[in-house]
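Using the working numbering, the first residue of the sequence shown is number 780, and each one after it goes up by one.
A virtual CB, placed ideally from N, CA and C, is assigned to each residue, including glycine.
Keep in mind it's a predicted model, so treat the numbers as computed, not measured.
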Amino acid sequence: MIKKKLFSEAPIEIGPESGYDNYIMAIESSCDETACAIVKNGREVIANVVASQIKTHAQFGGVIPEIAAREHMDSINIVVEEAFRQAKENAGINPEDITAFAGTVGPGLVGCLLVGLNAAKTLALVYDKPFIGVNHLNAHLCGNYLDTDLKPPFMALLVSGGHTQIIDVKSYSEQHIIGETIDDAVGEAYDKVARLIGLPYPGGPKLDKMAQEGNPHAFKLPEAKVGEFDFSFSGLKTAVLRLVKSFDGQELPVKDICASFQECVSSTLVKKVKKALEQSGYDQVVIAGGVAANSEIRKKIFDLSEEGYKVFAPPMKYCTDNAAMVASCAYFNTNTFDDINVEVFSRVK
Ligand code: KG4
Ligand code: ZN
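Next up, the structure:
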């Protein structure tokens, strides 16, 4: 076991209050992207590298955890070296200039998380710098700080393959979940429905593309909502299954099914976000997570700007898994450094 406790030996300040420039190197490996980035003061990306495993997993129709972990092992050194190279080229920053090293601790696939986290811890030990463990979901929210001047408070819609939450972000370090899914996450629903109608992996983006050519009012599907701010997507998924079966082997109107499903999901999500905004009195709203790349959800969220809200949505490269958002989160969301023995976790605690 590693005995060194970095925080006690390195009483170095980090974050917006520290009063000097922070350069955080972060590693992300919670699912099927091996990523490394270096971010200055939580907002300025000076290196950003992502090695995607999509092609590998496409052969199997989904992410195979053991294969994903092995691919992370193959890619991790390459992405770290490339991030150091970019930082040198873009900003003249050397490894010794890094203020702290960060890694995603969860939620995610345990075998995958272990690869990235151990690399981040090793770098912290080698360069004798503090280590920060980052929650993947908080990191997605912080993707909105990259290249912007966004400051809390704001309302956030976090939509990914594993989560669907409306979050009240009161300050950089204080946030409250005010609504969430009681069953499938929205990305999971996209992927499952895509599979049902015969679209290849990764289903979500493919379904989105098809939907853009279909009629969103072709089929009436049940709204995916429960209670005031919670969601449920399993009934909607079953409704699509019934619809598919009703065609009894005839050719499916795939584009219209996609468009109707997308309309149903996006309108439910955005309606609830709007209600949460109204209740909070905030004038800023952000969208985060892999599904924030969805064209219709983005459009409907951006339409809120016509009602006077300031809308933030990360560019596509910061919506899907990346390490720049992890570095930003380490900067803004950190109250303390972590013990080097911090462990990974698979689910939201
Ligand atoms: O945040 P992310 O990269 O990984 C998780 O932390 O889950 O999100 C991945 C999810 C997948 O379910 C994928 O199908 C979905 O985001 N996704 C989309 C789109 N792009 C990615 N879903 C709908 N429309 C898209 N354009
Ligand atoms: Zn993610």
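With a threshold of 16 other CB atoms inside 10 Å of the CB of residue i, please say whether the residue is buried or exposed.
i	result
Phe1026	exposed
Ile857	exposed
Glu967	buried
His851	buried
Gln991	exposed
Gln838	exposed
Glu788	Confidence in Glu788 is poor, its pLDDT being 48 and thus under 50, which makes the residue's placement too unreliable to answer from.
Pro790	Here Pro790 scores only 48 on pLDDT, less than 50, and its place in the model should not be relied on; the value that follows carries that caveat. That one is exposed.
Glu807	buried
Ile781	In this predicted model, Ile781 has a pLDDT of only 36, less than 50, meaning its place in the structure is not dependable; the value taken from the coordinates is given anyway. Exposed, since its Cβ has fewer than 16 Cβ neighbours within 10 Å.
Pro984	buried
Ser1084	exposed
Thr813	buried
Lys900	buried
Asp970	buried
Pro795	exposed
Pro1093	buried
Ser797	exposed
Ile988	What sits at residue 988 in the sequence shown is Lys, not Ile. When all chains shown are included, Lys988 counts as exposed.
Leu785	Confidence at Leu785 is low in this model, with a pLDDT of 48, below 50, so its placement is unreliable and no value can be given for it.
Thr1113	buried
Thr1047	buried
Asn917	buried
I'd like to know whether the C-beta atoms of residue i and residue j end up nearer to each other than 9 Å.
i	j	result
Asp1035	Asn1073	no
Val829	Asn1101	yes
Ile817	Tyr802	yes
Tyr951	Pro931	yes
Tyr1110	Ile833	no
Gly885	His919	no
Ala1103	Leu925	yes
Val1123	Ala881	no
Leu975	Val1023	yes
Val859	Leu892	no
Ala879	Cys815	no
Asn923	Val1019	no
Ser1125	Gly840	no
Tyr1061	Phe933	yes
Thr883	Val913	yes
Asp811	Val842	yes
Ala826	Gly890	no
Ala870	Lys819	yes
Gly977	Leu1031	yes
Hey, quick one: how far does the beta strand (DSSP E) through residue i stretch, first residue to last?
i	result
Cys810	Careful: Cys810 lies outside any beta strand (DSSP E) and carries neither H nor E.
Phe880	879–885
Ser1045	Ser1045 -> not in any beta strand (DSSP E); alpha helix (DSSP H) instead, spanning 1033–1059.
Ser831	823–831
Glu959	954–959
Val894	From DSSP, Val894 is part of no beta strand (DSSP E) but of the alpha helix (DSSP H) over 889–906.
Ala935	933–938
Ala1067	1063–1067
Asp947	943–948
Lys1089	1089–1091
Mind checking which residues open and close the alpha helix (DSSP H) that includes residue i?
i	result
Gln865	844–870
Asn917	915–921
Lys1096	1095–1098
Ala973	965–975
Phe1111	1103–1111
Thr1017	1013–1025
Ile793	Segment: none, Ile793 is in no alpha helix (DSSP H) and carries neither H nor E.
Ile1119	Ile1119 -> no alpha helix (DSSP H), and no H or E assigned at all.
Asp987	982–990
Lys1079	1074–1082
Is residue i close to chain D, meaning its C-beta is less than 9 Å from at least one C-beta of that chain?
i	result
Glu812	Absent from the structure: chain D. Only one protein chain is present.
Return yes when the C-beta of residue i is under 8 Å from any heavy atom of the ligand COA, and no when it is not.
i	result
His942	No copy of the ligand COA occurs in the structure displayed; its ligands are the ligand KG4 and the ligand ZN alone.
Which residues neighbour the ligand ZN when neighbourhood means a C-beta less than 5 Å away from any of its non-hydrogen atoms? List them by chain order. Ser939, Asp1100
Check whether the region 1089–1109 and the region 1054–1073 are in contact - that is, three or more C-beta pairs closer than 8 Å. yes
Could you tell me whether the region 934–947 touches the region 955–972, where touching means 3 or more Cβ pairs closer than 8 Å? yes
Assess, as a yes-or-no matter, whether the region 995–1010 is touched by the region 1037–1051 under the definition of 3 or more beta carbon pairs within less than 8 Å. yes
Mind the definition here: the region 1052–1066 touches the region 892–904 only if three or more C-beta pairs lie below 8 Å; say whether that holds. no
Flag this pair as touching only if the region 943–962 and the region 1006–1016 have three or more C-beta atom pairs under 8 Å; answer yes or no. yes
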